[in-house]
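Inspection log for the structure reproduced underneath, given as C-alpha cells.
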Amino acid sequence: MNLEAKIPEAPIEQMWETHLDHLRLVGPRNRPHYRVIVVGSGLAGASAAASMASMGYQVDCFCFQDSPRRAHSIAAQGGINAAKDYRNDGDSVYRLFYDTQKGGDYRSREANVWRLAQLSTQIIDQAVAQGVPFAREYGGMLANRSFGGVLVERTFYCRGETGQQLLLGACSALAQQIAAGRVRMYPRTEFLDLVVIDGRARGIVVRDLVTGQISSHAAEAVVLATGGYSNIYYLSTNAKGCNVTATWRAHKRGAAFANPCFNQIHPTCIPASGEHQSKLTLMSESLRNDGRIWVPRNSEDTRAPSEISEKDRYYYLEERYPRFGNLVPRDVASRNAKNVCDDGLGVGPTGHGVYLDFRDAIADHGRDLIDDRYGNLFEMYERITGESPWKTPMRIYPAPHYTMGGLWVDYDLMTTLPGLFAIGEANFSDHGANRLGASSMMQCLADGYFIIPVTIGDYLSRHPYGEIDTNHSAFSDVERDVRDRIDGLISIRGSRSAASIHRELGQVMRDHCGIARNATGLQAALGEIPKLRERFRTELCIPGSGSDLNQSLEEAGRVEDFLDCAELMCRDALLRNESCGCHFREEHATEKGEALRDDVNFAHVTVWEHAGEGVVPEPTKEPLSFDALPLAQRNYKT
Amino acid sequence: MNFTLKIWRQRSHSEPGQMVRYDVDGVTPGMSFLEMMDLLNEQLTVGGEEPVAFDSDCREGICGMCSMVINGQAHGPARATTTCQLYMRQFEDGEEISVEPWRAAAFPLLRDLVVDRSAFDRIMQAGGYISVHSGPKPEPNSIPIENALAEEALDAACCIGCGACVAACPNGAAMLYTAAKVSHLGILPQGQPERYTRVTRMVAQMEHEGFGSCRNYAECEAACPKEISIKFIGRMNRDYLTATLRRPIKRDGPMDSQ
Ligand SMILES: Cc1cc2nc3c(=O)[nH]c(=O)nc-3n(C[C@H](O)[C@H](O)[C@H](O)COP(=O)(O)OP(=O)(O)OC[C@H]3O[C@@H](n4cnc5c(N)ncnc54)[C@H](O)[C@@H]3O)c2cc1C
Ligand code: FES
Chain A
-8 MNLEAKIPEA
2 PIEQMWETHL
12 DHLRLVGPRN
22 RPHYRVIVVG
32 SGLAGASAAA
42 SMASMGYQVD
52 CFCFQDSPRR
62 AHSIAAQGGI
72 NAAKDYRNDG
82 DSVYRLFYDT
92 QKGGDYRSRE
102 ANVWRLAQLS
112 TQIIDQAVAQ
122 GVPFAREYGG
132 MLANRSFGGV
142 LVERTFYCRG
152 ETGQQLLLGA
162 CSALAQQIAA
172 GRVRMYPRTE
182 FLDLVVIDGR
192 ARGIVVRDLV
202 TGQISSHAAE
212 AVVLATGGYS
222 NIYYLSTNAK
232 GCNVTATWRA
242 HKRGAAFANP
252 CFNQIHPTCI
262 PASGEHQSKL
272 TLMSESLRND
282 GRIWVPRNSE
292 DTRAPSEISE
302 KDRYYYLEER
312 YPRFGNLVPR
322 DVASRNAKNV
332 CDDGLGVGPT
342 GHGVYLDFRD
352 AIADHGRDLI
362 DDRYGNLFEM
372 YERITGESPW
382 KTPMRIYPAP
392 HYTMGGLWVD
402 YDLMTTLPGL
412 FAIGEANFSD
422 HGANRLGASS
432 MMQCLADGYF
442 IIPVTIGDYL
452 SRHPYGEIDT
462 NHSAFSDVER
472 DVRDRIDGLI
482 SIRGSRSAAS
492 IHRELGQVMR
502 DHCGIARNAT
512 GLQAALGEIP
522 KLRERFRTEL
532 CIPGSGSDLN
542 QSLEEAGRVE
552 DFLDCAELMC
562 RDALLRNESC
572 GCHFREEHAT
582 EKGEALRDDV
592 NFAHVTVWEH
602 AGEGVVPEPT
612 KEPLSFDALP
622 LAQRNYKT
Chain B
6 MNFTLKIWRQ
16 RSHSEPGQMV
26 RYDVDGVTPG
36 MSFLEMMDLL
46 NEQLTVGGEE
56 PVAFDSDCRE
66 GICGMCSMVI
76 NGQAHGPARA
86 TTTCQLYMRQ
96 FEDGEEISVE
106 PWRAAAFPLL
116 RDLVVDRSAF
126 DRIMQAGGYI
136 SVHSGPKPEP
146 NSIPIENALA
156 EEALDAACCI
166 GCGACVAACP
176 NGAAMLYTAA
186 KVSHLGILPQ
196 GQPERYTRVT
206 RMVAQMEHEG
216 FGSCRNYAEC
226 EAACPKEISI
236 KFIGRMNRDY
246 LTATLRRPIK
256 RDGPMDSQ
C-alpha cells in the first residue's frame, strides 16, 4: 500500500504556502466541466461543497437528513478555536500547534497539525463575513473563552450553539450555490456504495430514502464528509443517524482505514437513566470552566450534595492535577471519573455519575453572569433530568463522543484510493489519539473552506473530464450489489429489530473497547462480535419492503456496517499495545495511573486495508516524525 | 406507566390516512417521547407490523428534525420544547395521547408522521445568505458589533427550522420562520448590502411555496421551541415595506465573479 503522505519539502512554517505555490490548478473556464460529489453536508461537507461550487465546479451534494442544515454538526455547543491571540495571553500558531500535538499525545502528523493551526484564524474571518453572530464583548470586539486542556483563551462561541451558527453559515453559502445551479442537493438520500473504475473513485450509488429508488451518480472525484462513528457504542452523544456506512463501504472498495480504535469519550454527559435510553446528551465542556467536579469522599455518604461539607467533598481533579484542575484534557477527565466510580464513589441511581457543581461560581460571579454563559445548558439539563443546576449540582458521566480514527488521507486529504477524498471527522484527521475541545469544527472548516477546494484541483487537473458516465457497466454492477444486499437483509425475516442487536454491540464495545481496554477484554470482544453478526444474519426482522420509506431497513444497513467496523476497532486496539491519549490500555500505565506511551514501537499511524470477507487484515504503518515538537510525556500535573 | 396512543398512519401522500390506536406499556417517566415511540416501534417490529415512521436525529432539541403534533399541539404541551426533549413525566399514567404529523399545505406528507419541509430550504436559497466566496477576509474586529446587536441577531438565528410555527398556525403561514432568517442577517452590519433584495426574494419565495398569510394569531410564537419572538415579523414587514419603496432601483441580481 502506498502511504506516501506527500508532505511538502519545506520548513514547517512554510509548508502550506510552498504547497499552494506548487499545486496544479484548474482554470476558471475549465472548472464547470468537472463534477465533484460531496457526501455529507455538515461543517466539512457544506463548506467544501459551497467553496468548490463558488469557484465554478459542478457539485452534487448528498445527506440523509431532510435538509443539509440538520447534519450532526448542528449539535456542537461549546465553540471553535483560533489562534487569534485577541486576549494577549501568549497565543500563537505555534502554541495552538503545540497544544494539539500534545493533546493528541503525539500520534498525529505534524505537518497537518501546523496547517490546521495556521488556517484557524481565517475560519473566524470567513464565518464573521457570512454573518455568524459570535459572542461580542461590550466594546463590540469578539469574545473568547478557554476550553479543556489549554492555558489560553482562544475559543470563539455563540452561546451554547456554536455548531448551529457555523453550520447555518456554511449552509447559507451552500444555499446560494444551490440557487445558482452549481450545486445539486440531494437530501434524504443515503450513500450506499462507491464506484471504482480503473483504480479511481468515479461515482457513488445511493438510495432515495423516500422512494427507495437506487441510483448512480458519476463524477471526476468523490469527497466523503460523512462524520464520525461513535454510534458504534449505541449510546453516544452523536445524533441517531450518525454512521460508519459511507466510510466503511469506501473502505471495502479500497480506501484504507487509519487508527480505528482512537475514540474519544467525552467527560461531561448526562448519565444514562435506564435500559430504554436512545442516546446520551452532552453538556458542553465549557461548563468545566466554572463548574467544580467532585464526589463524596466516603462511599457510604448518602446525604444530599448540598449537605455535604467542604472537607467531605473530594474535588479529585483539582487535587490530582493542581495546575489544570477541572480543565484537564477530556481523556484524563473521563478516566478519572471512571476511576472514582469504580472505587464506589459514584453518585446518582446507577452509581455512574459525578457532581459538576456551580455553587461557588454562582457565589463568585453572580447569577447573571453564569446565566449568560450557561443559561440554556442549565435549562436543557433540567428538562432532561427534572433537576435544576441552580439548586443542586449536575450529575455527569463520560460518553462516547468523537472518533479520531477514520479514512487515511495524505496532506491533500486524498485517501489511498485515487479520486476519493475524506474531510472532517470522517478522516483520521489531525487529532492523533485525542482531540482537544473546540478543535473539531476548526478542522472541519479548515478542510472544507480552505484545503480541499485547492488540493482537489491538483488531482482534477491531472485527469480529463467527462470520460465516464453512469452508463458504464461498473455502475450497474455496484447497483446490483446494493440491491442484493438490501434484498438479503429484508429476506431474513427473523424476529429481532436491528436496534436490539445494536444495543448489544454497544454494550460489548463499552465494556471492552471504551474508556479503558485490556488484552483479555479485547480478545473477548473479538470472540463476541462474530456471534452477534451471526445472530444479526439469522434473527433480523425488517417489516415492509425496500421500495419506499423504510426506517428499519436504513437502521439495519448501518448496524451491519457497525458490526464489521467494531471488529476492526478491537483488532486495532489490541495491536496497539501501549496507552496513548484516549486509547488507555490498562497494561500500560504510569505508577500514578497515567497513560504510558511506547514511542519506540508505536509512534506510527496504523493503517488497515480490507482483505476480503472473513479474512483477517494485516495493517501497514505510517511512521510519524517529530521535528517541530520533540516527543515528551504528557503531563497535566505540574 | 401505560399509555393509549392514537397515531396518524398513512402510507404515502396519495393514499388516505387514519388514526390508529396502540397500547404501549413499560414506559418510565425518564423516557423521552421519542424513546416511548421507539418502544412502541420495537413492539410493532417484533410482532411483524410496520413501525411508525417519524423523523428524528439529534434528539437534543437542535437539529429541528423531530416534528409531532401531540394532543393537538406542535411539539406537545411543554413550553419551549421540541418533541425529542419532551419527557414522559409530563404525562399522566394511563393517559390517551394523540400523535399527528405537521399539517400544512406547503408540507406534503411523505409517510405516517414524516412530512416534506423542503419549502423552507427553498426560502433560504432565494436569499438567506450573505454573498461571500471562501478565502481571505478582513479582520473581523475591524467592524465592532455591539454586544446587544449580536445577541439580537442570535435571538433570531437560533431558529432550528423545525416548522412548528407553520404547523401551529391556523393559516399554515411561515412568517415566523422567514422573519427569523431575514432578521438574523438583516440586523448585522455584514448583512446590510443585500438587506432589501434578500427580504423581497425570501418573501416572494415564501408566498410561492403556498404558505398561508399571517393574521397575527401568534400561535407560532407559542409553539416555537426556541421562543423566537413575533417582533421579528414586524421587523421583516418594515424591511419589506422599505424594500418595496426602494424597488425602482434596477439591479441585475447578485454580483457574481463567474
Ligand atoms: C454534542 C456534540 C457537541 C460538540 N461540540 C463541539 C464543540 O463545541 N466544538 C468542536 O469543535 N466540536 C464539537 N463537536 C464535534 C463536532 O461537532 C463534529 O466532529 C463535527 O461537527 C463533524 O462534522 P462533519 O462535517 O465531519 O460531519 P457531520 O456534521 O456529522 O455531518 C455528516 C454529514 O454526512 C451525511 N452522511 C453521513 N452518512 C451518510 C450516508 N451514508 N449517506 C449520505 N449522507 C451521509 C449526513 O447527512 C451529514 O450531512 C461536538 C460533537 C457533538 C456530538
Ligand atoms: S431530533 Fe433534533 S431537534 Fe428533535
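Residue numbers (the working numbering), protein chains in the order written: chain A, -8 to 629; chain B, 6 to 263.
C-beta: ideal position from N, C-alpha, C; glycine also.
Tell me where the beta strand (DSSP E) around residue i begins and ends.
i                 : result
Tyr177 of chain A : Val174 to Tyr177
Trp285 of chain A : Arg283 to Pro287
Ser206 of chain A : Ile205 to Ala209
Pro391 of chain A : Met385 to Thr394
Asn254 of chain A : Asn254 to Cys260
Ile188 of chain A : Thr180 to Ile188
Pro614 of chain A : Thr611 to Pro614
Leu215 of chain A : Ala212 to Leu215
Asp27 of chain A  : In the sequence on display, residue 27 of chain A carries Val and not Asp. That run of the beta strand (DSSP E) goes Arg26 to Val30.
Applying a beta-carbon distance threshold of less than 8 Å, which residues of chain B neighbour residue i?
i                 : result
Gln121 of chain A : Tyr134, Ile135, Val137 and Gln195
Does DSSP classify residue i as helix, strand or coil?
i                 : result
Val25 of chain B  : strand
Tyr224 of chain A : helix
Gln263 of chain B : Interpretation of Gln263 of chain B is limited by its pLDDT of 48, a score under 50 that renders its predicted location unreliable; no figure is taken from the coordinates.
His4 of chain B   : The shown model of chain B, from 6 to 263, leaves out residue 4 of chain B, and the question about it has no answer.
Glu416 of chain A : helix
Leu118 of chain B : coil
Arg61 of chain A  : helix
Asp124 of chain A : Residue 124 of chain A is actually Pro in this sequence, not Asp. The answer is coil: DSSP assigns Pro124 of chain A none of H, G, I, E or B.
Cys571 of chain A : strand
Cys52 of chain A  : strand
Tyr89 of chain A  : helix
Ala41 of chain A  : helix
Among the options, which residue has its Cα nearest to the Cα of residue i?
i                 : options                                   : result
Tyr402 of chain A : A:Gly497, A:Ala413 and A:Thr394           : A:Ala413
Pro82 of chain B  : B:Tyr201, B:Cys229 and B:Gly239           : B:Cys229
Val400 of chain A : A:His13, A:Arg321 and A:Ala249            : A:Ala249
Arg663 of chain A : A:Tyr365, A:Thr341, A:Pro384 and A:Asp334 : Lying outside -8 to 629, the shown extent of chain A, residue 663 of chain A is not represented and no answer is given.
Gln23 of chain B  : B:Leu114, B:Asp43 and B:Ala173            : B:Leu114
Ser137 of chain A : A:Asp96, A:Gly95, A:Arg279 and A:Gln92    : A:Arg279
Asp126 of chain B : A:Tyr85, A:Arg175, A:Met132 and A:Tyr306  : A:Arg175
Leu200 of chain A : A:Arg127, A:Asp502, A:Gly537 and A:Arg106 : A:Gly537
Phe441 of chain A : A:His10, A:Lys(-3), A:Cys52 and A:Ala424  : A:His10
Gly439 of chain A : A:Ala216, A:Ala66 and A:Tyr97             : A:Ala216
Following the continuous alpha helix (DSSP H) through residue i, name the residue where it begins and the one where it ends.
i                 : result
Leu39 of chain B  : Phe38 to Val51
Phe593 of chain A : Asp590 to Phe593
Leu360 of chain A : Arg358 to Thr376
Glu105 of chain B : Glu105 of chain B -> not in any alpha helix (DSSP H); beta strand (DSSP E) instead, spanning Glu101 to Glu105.
Asp62 of chain B  : Element bounds for Asp62 of chain B: n/a, residue is neither H nor E.
Ala166 of chain A : Thr153 to Ala170
Which residues in chain E sit within 9 Å of residue i, going by Cβ to Cβ distance?
i                 : result
Ile102 of chain B : Protein chains A and B are contained in the structure displayed, whereas chain E is not.
Could you tell me how far apart the beta carbons of residue i and residue j are, in whole angstroms, since I believe they sit closer than 8 Å?
i                 : j                 : result
Asp90 of chain A  : Leu427 of chain A : 6 Å
Ile223 of chain A : Phe553 of chain A : 5 Å
List the residues of chain A that residue i touches, going by C-beta distances under 8 Å, in chain order.
i                 : result
Ala155 of chain B : Pro124, Phe125, Ala126 and Arg127
Glu144 of chain B : Asp116
Along chain A, in chain order, which residues have C-beta atoms closer than 7 Å to that of residue i?
i                 : result
Pro149 of chain B : Gly130, Gly131 and Met132
Met241 of chain B : Ordered by position in chain A, no residue passes the 7 Å Cβ test against Met241 of chain B, which lies about 16 Å from the chain.
Residue i touches chain A at which residues, Cβ-Cβ below 9 Å?
i                 : result
Arg64 of chain B  : Ala230, Lys231, Ser269, Lys270 and Thr272
Arg122 of chain B : Asp57 and Ser58
At a CB-CB cut-off below 7 Å, which residues of chain B make contact with residue i?
i                 : result
His48 of chain A  : Here residue 48 of chain A is Tyr; the residue named in the question, His, does not match the sequence. Within 7 Å Cβ-Cβ: nothing; Tyr48 of chain A doesn't reach chain B, min ~11 Å.
Cys149 of chain A : Leu159
Glu152 of chain A : Ile67 and Cys163
What in chain B is Cβ-close to residue i, meaning under 9 Å?
i                 : result
Phe369 of chain A : Within 9 Å Cβ-Cβ: nothing; Phe369 of chain A doesn't reach chain B, min ~13 Å.
Gly282 of chain A : Per Cβ cutoff of 9 Å: no residues; Gly282 of chain A is ~19 Å from chain B at best.
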